[in-house]
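Data block below; observations after.
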């Protein structure tokens, strides 16, 4: 089935509740990317063809996941090659990392409150291997780009970034709304959990009930 065939099963309203910017984008994700057709709350699962309905095996999605994992690991290998010849001592101050002459091929820095030990051929987070290759991609990219100035602590709304409309909707669906539901009336608990990932109190003049700054990387 192609995307234009599948779109007939959607409301064609581009409401964004599926986390995609349009019904067509969702149709492409389902038919080409293996995303579940039931990701749209308005799709009648009983009306779908067998390969997309409730009884589908999910084999297509599993194949897509395997392919994505392979691409992620290939990118990790590429990024490792990019940092292999970098001067870690020179980079350390620009990355907010620690460097020691006793371990000249290692940088130590924090990532969401966890300790990262990154070498030319190894990477550990809190003493263990990262489970998700996307963590490795982020951390190796951080080193490969060479850092720069310390964050200016100036708030930049995501909507001001280019090509961010679909990402804003996805963030709202899968993050903001879920956090609001989970922590409504539980500001103290939210503060506790933010501190566990390196969060600190935000500006005193903010209007929110709870405002925390969470530096992902130094």
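In the working numbering, the protein residues as written are 157 to 374. Yeah, the Cβ is synthetic: ideal placement off N, Cα and C, and Gly gets one too.
Item, Value
"Cβ-Cβ distance between residue 269 and residue 354 below 7 angstroms", "yes"
"Per DSSP, cross-strand counterpart(s) of residue 256", "259"
"Reduced DSSP category for residue 275 - H, G, I as helix; E, B as strand; rest coil", "strand"
"For residue 266, three-class secondary structure by DSSP", "strand"
"Where residue 292 falls, given that 16 or more other Cβ within 10 Å makes a residue buried", "buried"
"Enclosing alpha helix (DSSP H) for residue 245 [first to last residue]", "244 to 251"
"Unbroken stretches of the alpha helix (DSSP H), 4 residues or longer, contained in the segment 306 to 345", "321 to 327, 333 to 339"
"Straight-line gap, residue 197 to residue 167 (C-alpha atoms, nearest Å)", "10 angstroms"
"Sub-7 angstroms separation of residue 366 and residue 343 beta-carbons", "yes"
"Cβ pair count under 8 angstroms reaching 3, the segment 278 to 293 against the segment 228 to 235", "yes"
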